[in-house]
Amino acid sequence: MIGFVVNNLIKSELSDKLIKLSREDNSFVIFLQNIQSSMNYQNCAIMNVTYLNGFDGKVIALDIDSAYLINQSNLNAEKIILLWNLEWLYNILNYTEIVHLLDSFKIYVKSESHKKIVENFTGRSDINLINDLKELL
Amino acid sequence: MKILFDSKLQELAFPAVHSGFQCFKHEPKEVATFDIFNKINPDVYVSHLSMLTNAVLKNIDQRPHLKCIFIRGQETEDKENKAKEQFGNLFEFINLPIFGDIFSYSKSEFIARYKSDIISIDIEDTINTDKVYRIFHNYKIIQHPNYCGGIDHRIKKHIIRSSTACLTKPEDVYNIAIAGSLPVSLDNLDTSNRDSKIKDIVDKVFSEDSSFHRTAEILNRLGFEKESKLILTKIGDFK
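These protein sequence lines are chains X and Z, in that order.
Taken in order, the first sequence gives residues 1 to 137; the numbers are from this note's numbering.
Taken in order, the second sequence gives residues 138 to 376; the numbers are from this note's numbering.
1) Helix, strand or coil: how does DSSP classify Z:Thr370 here?
2) What are the partner residues of Z:Ile140, as DSSP defines its beta bridges?
3) Report all residues from its chain with a CB closer than 6 Å to the CB of Z:Asp340; omit the five preceding and five following residues, and keep chain order.
4) For Z:Thr301 and Z:Arg351, I'd like the C-alpha separation in whole angstroms.
5) Work out the CA separation of X:Val118 and Z:Leu149 for me, nearest whole Å.
6) Among the candidates X:Tyr90, X:Gly3 and X:Lys79, whose CA atom is the shortest distance from the CA of X:Ile46?
7) Taking all protein chains shown into account, do 16 or more other C-beta atoms lie within 10 angstroms of the C-beta of X:Gly57, making it buried, or fewer, making it exposed?
8) Take Z:Leu319 and list the residues in its own chain whose beta-carbon comes closer than 8 Å to its own, dropping the five residues that flank it on each side.
9) Should Z:Phe247 be labelled buried (16 or more other beta-carbon atoms within 10 Å of its own) or exposed?
10) Please report how far the alpha carbon of X:Val142 lies from the alpha carbon of X:Arg23, in whole angstroms.
11) In the DSSP assignment, the beta strand (DSSP E) including Z:Thr390 goes from what residue to what residue?
12) What residue range does the alpha helix (DSSP H) around Z:Phe343 cover?
13) Roughly how many angstroms separate the alpha carbons of Z:Leu141 and X:Tyr95, rounded to a whole number?
14) DSSP on X:Lys134, reduced to helix/strand/coil?
15) List the residues of chain X that Z:Cys285 touches, going by C-beta distances under 7 Å, in chain order.
16) Could you say if the stretch 214 to 232 of chain Z and the stretch 262 to 275 of chain Z meet the contact criterion of at least three C-beta pairs nearer than 8 Å?
17) Check whether the Cβ atoms of Z:Phe230 and Z:Arg209 sit closer than 8 Å, and answer yes or no.
18) Any beta-carbon of chain Z closer than 8 Å to the one on X:Ile10?
19) Starting from X:Asn76, trace the alpha helix (DSSP H) in both directions and tell me its first and last residue.
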């Protein structure tokens, strides 16, 4: 089973892509921290993050906050993070905390320039590049 | 002997604490000036001129036994004039040359996880390089793709140690070398002979330019020769 964990589905490029993906392939679950009215109808299961405990399969964080949540949850799942926005570039985050957090995750990014930035940030060489969210399924 | 240090001079307080003296911090944002002076009733007050207020002047005035020394900072001429107006030449005003804070920066550890070629901490200058370059700033977001956020002060010296070089301001050169990295500037990014350059700077700090030397000098100027010598003997604990 595959689960995406995200803060909310309010209008954004990422939300748009996720919802479009759900119309092509509705085999995954979206776990939301804030359940608000989504901008359009998604064609997959939507659950509150409180149901993350006990999830089995592959869980994909779409932001740093969601990654923290996944780490705190009791999961038997492969942990992946898609760094859609490089949040530390526009918020003052604690470097060592973020690096330790990302150590628990397989990291994916959406562009070559992002890959260079994340490699410099984490010191890791195993950063994966994807062109489409579908490649995560 | 009770020594009261202004909060801006904490690096000078550490050697005194390490040597066994009772030291206290004057930070009006935490405890009011009158309260700290009344509670502690210090024998010595080491003041940074930028923190001189009417409350401080009044407390000094009420304590004729109090030995004071004033450290000049940037743009503190007005406050110096005010203090001189009140006390004349009773107290000394000194400039404090750059020193290395060996208490806070020594005994750092290399952590492979944070290995990098060059870092900068809390400065706005940046460079363009293909090497592993991390920019840290706790108070401002630097508009550069290598900006990595802030770092906790407890781990700062280990991150410095884990980097080959550190882009720094002139006043932090000693601290970077003590932590085990090569201080570099925008004009000079040369990292050749790194180890010998670091050793030269560290040797200079330990021989005459450490926080221990400055604190000892301050106590010596106030007439506490024995205490000053005691502080200097404690430098060896950090070698």
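From the three backbone atoms N, C-alpha and C, an ideal C-beta is built for every residue, glycine too.
Here's the rundown:
1) Start at 1 with the first residue of the second sequence, and residue 370 of chain Z comes out as number 233. Three-state result, Z:Thr370: helix.
2) Within the second sequence, residue 140 of chain Z is the residue found at index 3, counting from 1. DSSP output for Z:Ile140 lists Z:Cys160 and Z:Val181 as bridge partner(s).
3) Your numbering for residue 340 of chain Z matches position 203 in the second sequence. Nothing meets the Cβ criterion.
4) For this step, residue 301 of chain Z is matched to residue 164 along the second sequence. For this step, residue 351 of chain Z is matched to residue 214 along the second sequence. CA-to-CA, the gap between Z:Thr301 and Z:Arg351 works out to about 29 Å.
5) Numbered from its first residue, the second sequence carries residue 149 of chain Z at position 12. Numbered from its first residue, the first sequence carries residue 118 of chain X at position 118. Whole-angstrom Cα-Cα distance: 39 Å.
6) For the purposes of this step, residue 46 of chain X is taken as residue 46 along the first sequence, with counting starting at 1. Ranking the options by Cα distance to X:Ile46, first place goes to X:Gly3.
7) On the first sequence, position 57 is the one that residue 57 of chain X refers to. The residue in question, X:Gly57, is exposed, as its Cβ has fewer than 16 Cβ neighbours within 10 Å.
8) As a position in the second sequence, residue 319 of chain Z is number 182, starting the count at 1. Taken in chain order, the residues that qualify are Thr301, Ala302, Cys303, Ile313, Thr328, Arg331, Lys334 and Ile335.
9) Along the second sequence, read from residue 1 onward, the residue named residue 247 of chain Z stands at position 110. So Z:Phe247 ends up on the exposed side.
10) The structure shown does not extend to residue 142 of chain X, since chain X is modelled only from 1 to 137, so the question has no answer here.
11) Shown here, chain Z extends from 138 to 376; a query on residue 390 of chain Z therefore has no answer.
12) As a position in the second sequence, residue 343 of chain Z is number 206, starting the count at 1. It spans Arg331 to Glu345 - the alpha helix (DSSP H) in which Z:Phe343 sits, taken as one unbroken run.
13) Within the second sequence, residue 141 of chain Z is the residue found at index 4, counting from 1. Within the first sequence, residue 95 of chain X is the residue found at index 95, counting from 1. Going by the C-alpha atoms only, they are around 35 Å apart.
14) Sequence index remark: in the first sequence, residue 134 of chain X carries index 134 (1-based). Reduced to three states, the DSSP call for X:Lys134 is helix.
15) Position 148 of the second sequence, counting from 1, holds the residue named residue 285 of chain Z. Within 7 Å of the CB of Z:Cys285, the CB atoms of chain X belong to Trp88, Tyr95 and Phe121, in sequence order along the chain.
16) no
17) What you label residue 230 of chain Z is simply residue 93 of the second sequence in a count that begins at 1. What you label residue 209 of chain Z is simply residue 72 of the second sequence in a count that begins at 1. Cβ distance < 8 Å, so Z:Phe230 and Z:Arg209 count as in contact.
18) What you label residue 10 of chain X is simply residue 10 of the first sequence in a count that begins at 1. For X:Ile10, the nearest beta carbon of chain Z is not closer than 8 Å to its own beta carbon.
19) Indexing the first sequence from 1 puts residue 76 of chain X at position 76. X:Asn76 -> not in any alpha helix (DSSP H); beta strand (DSSP E) instead, spanning Asn76 to Leu82.
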